[in-house]
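Counting from 1, one number per residue, gives the positions in the sequence shown under my numbering.
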Amino acid sequence: MSLLQINPADSVVVALKDIKKGEQVRVDEVTLTVNVDIALGHKVAITQISNGHNVIKCGHPIGVATANIEPGEHVHTHNLKTRLSEEKNYSYNPKFSALSPSKPTNFMGFRRDDGKVGIRNEIWIVPTVGCINSIAQAVAEAAQQLIVGSVQGVHAFPHPYGCSQLGDDLKNTQKALSGLIRHPNAGGVLVLGLGCENNRIEDLQAVLGPVDKERIRFLSVQEIEDDIGDSLEIVKELITLASRNQRMPTPASELVLGLKCGGSDGLSGVTANPLVGVISDKIIAEGGSAILTEVPEMFGAETILMSRCKDEETFRKTVALINNFKNYFLLNEQPIYENPSPGNKDGGITTLEDKSLGCIQKCGTAPVMDVLEYGAPLTRKGLNLLNSPGNDLVASSALAASGAHMVIFTTGRGTPFGSPVPTIKVSSNTPLARRKKNWIDFDAGRLVDGISLDELGEEFYSYIMSLASGQVHTKNEEQGVREFAIFKNGVTL
């Protein structure tokens with residue numbers, strides 16, 4: 001099969017392989033002759049589309065034609081533009097049903113004293129301010145030789161903030177750091193402060209709230225003589241404490257999945273994102289949770305998410321999530337719909353609607369149970385929406401800060417990055433998986449080669465459970481790639 005019509009109502013089909021100019025291809029009962037070379041993931045008209053009329057993909061409009069388009073013609077930026085506008089009124093029209101309960105499964109997790117469960121048993125070093133990043137990194141490097149027992153690593157999370165920030169911008173930093181400090185994947189945490197920063201340890205503690213004082217320690221380095229030596233002593237104590245933790249059978253209902261995509265292509269909404277949607281639904285059906293973020297990539301598909309809100313209160317939160325992010329663009333005098341990226345367009349995505357309709361497939365069909373502010377912890381099980389931009393590092397870090405045990409990251413272009421938690425790279429196409437074996441963890445491109453979504457879903461679910469149990473590790477873990485990025489939204493003094 002060379003072309004795929006995703007929905008019977010679609011006026012375009014997606015190329016599942018490169019197609020040469022003049023080649024005849026068949027879609028159901030229609031034979032098309034393509035008039036230019038068509039790259040993998042790009043769109044071809046299957047019917048005549050008049051100038052000014054909607055172009056339909058995935059059963060929804062992805063923009064309007066800017067010229068008359070004939071069957072077999074390439075549909076992309078030269079003849080298609082977004083139909084989105086800045087102003088939009090929303091109404092609550094619920095269209096969802098609860099997922100049927102699924103047979104429970106277990107993974108092997110680490111139960112913390114506060115009742116939370118981690119899928120890793122690591123020691124994390126979190127600086128309150130960027131001035132001491134070098135100390136945090138030096139301590140983490142020196143501590144590798146101290147690892148014993150079930151402890152799996154010592155990791156520092158440098159960042160450039162924590163000082164010269166004001167108001168809500170500083171609060172964002174404090175909330176993000178608090179989420180990292182509370183994260184159950186860490187068997188022990190050392191919070192390193194400088195002493196003179198805006199984000200002083202005592203101010204961060206006020207945002208953080210009560211914590212396990214054995215598992216989470218604090219040190220202000222201006223107050224001591226040997227900053228690295230004293231920090232190492234604390235880390236050694238944390239390693240000893242955490243080394244006593246052992247994995248135990250844990251129901252999948254304890255899992256929290258973070259859902260993210262980046263460097264998408266025309267197959268992302270055909271392969272990788274629907275596959276992740278299957279996994280999200282399965283975890284939620286077992287009583288677990290999933291968090292969807294990157295708000296700007298909900299634009300154009302937000303009404304679908306709004307129709308899945310469990311009640312009017314959640315609907316109003318979702319409307320505020322969308323409108324507040326639009327206002328963020330407007331306040332900074334930037335266009336709301338400055339998306340997709342050049343890489344997205346190269347891969348066959350034309351408009352933001354095109355991208356967003358693929359993006360939201362990662363969250364399956366479950367009802368939306370809650371909407372989280374940036375840095376807020378997940379409190380309601382099921383599908384949650386999270387306030388965060390689309391930037392890969394910022395959004396993935398936000399997912400971790402809100403409690404995601406792992407980030408499932410779909411991509412059609414590839415990326416080597418890793419978040420603070422295991423970051424599973426799922427390729428939308430097989431050529432990427434073969435070319436970047438050092439980046440990609442799972443190949444969803446096989447869906448176009450005949451394997452069924454159900455079959456690949458079972459394989460991927462088994463991989464997820466093995467990952468949660470520590471039997472396998474992601475490429476970012478194997479390569480020691482851990483990055484943490486905070487959403488900067490304010491002036492710098």
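Glycine included, C-beta positions come from ideal geometry on N, C-alpha and C.
From N185, A136, H42, residue whose alpha carbon lies closest to that of A400: N185
Contact between the segment 358-370 and the segment 272-289 (3+ Cβ pairs under 8 Å): yes
Whole-angstrom C-beta distance between F110 and N245, which should lie under 8 Å: 5 Å
Three-pair Cβ contact test at 8 Å for the segment 262-276 versus the segment 228-238: no
Segment limits, beta strand (DSSP E) that includes G258: 256-261
Buried or exposed (CB count within 10 angstroms, at least 16 for buried), T33: exposed
Endpoints, alpha helix (DSSP H) assigned at S396: 392-401
Environment of K21 [buried if 16+ CB atoms lie within 10 Å]: exposed
Bridge partner(s) assigned by DSSP for V13: V44
Per-residue burial, D379 [other beta carbons within 10 Å of its own, 16 or more giving buried]: According to the sequence as given, residue 379 is Thr; it is not Asp. T379 is exposed by the Cβ-count criterion.
Within 8 Å, strictly: CB atoms of T415 and D392: yes
Proximal residues to N489 (C-beta, below 8 Å), its chain only, five neighbours per side dropped: D168, D169, N172, Y328
Which of helix, strand or coil DSSP assigns to R434: helix
Among L99, N121, I464, the one whose alpha carbon lies nearest that of A242: N121
Candidates E23, E70, P94, P101, of which the one nearest G382 by Cα: P101
C58, buried or exposed, once every other Cβ within 10 Å from all chains shown has been counted against 16: buried
Option nearest I486 by Cα separation, candidates N387, P251, I360, H159: H159
Backbone CA spacing between M298 and L386 [nearest angstrom]: 11 Å
Enclosing beta strand (DSSP E) for K57 [first to last residue]: 54-57
Segments assigned alpha helix (DSSP H), at least 4 residues, entirely inside the segment 114-172: 133-143
Cross-strand partners of T33 (DSSP beta bridge): Q24
Straight-line gap, Y337 to L84 (C-alpha atoms, nearest Å): 8 Å
Exposure label - E312; buried when at least 16 CB within 10 Å: exposed
Local conformation of G63 per DSSP, three classes: strand
Limits of the unbroken beta strand (DSSP E) element including E283: Looking at the sequence itself, residue 283 is Ile, so the reference to Glu does not match. Here I283 belongs to no beta strand (DSSP E); instead the alpha helix (DSSP H) covers 272-285.
Burial state of D114 (16 or more Cβ within 10 Å): exposed
R182 - partner residues in DSSP beta bridges: DSSP output for R182 lists no bridge partner at all.
Neighbourhood of Y374 by C-beta, 7 Å cutoff - its chain only, sequence neighbours within 5 removed: N172, K175, N387, S388, A398, F487
Among H78, E254, L330, G277, the one whose alpha carbon lies nearest that of D454: G277
Cβ-Cβ distance between V44 and V64 below 8 Å: no
Residues near N323 by beta carbon distance below 7 Å, same chain, minus five either side: none
Neighbourhood of N7 by C-beta, 7 Å cutoff - its chain only, sequence neighbours within 5 removed: C58, G59
Closest by C-alpha distance to Q144, when choosing among G41, L238, F315: L238
Counterpart residues of I349 in DSSP-defined beta bridges: I349 is not bridged to any residue.
Buried or exposed (CB count within 10 angstroms, at least 16 for buried), H78: exposed
Among P94, A433, G445, nearest to L275 - alpha-carbon criterion: G445
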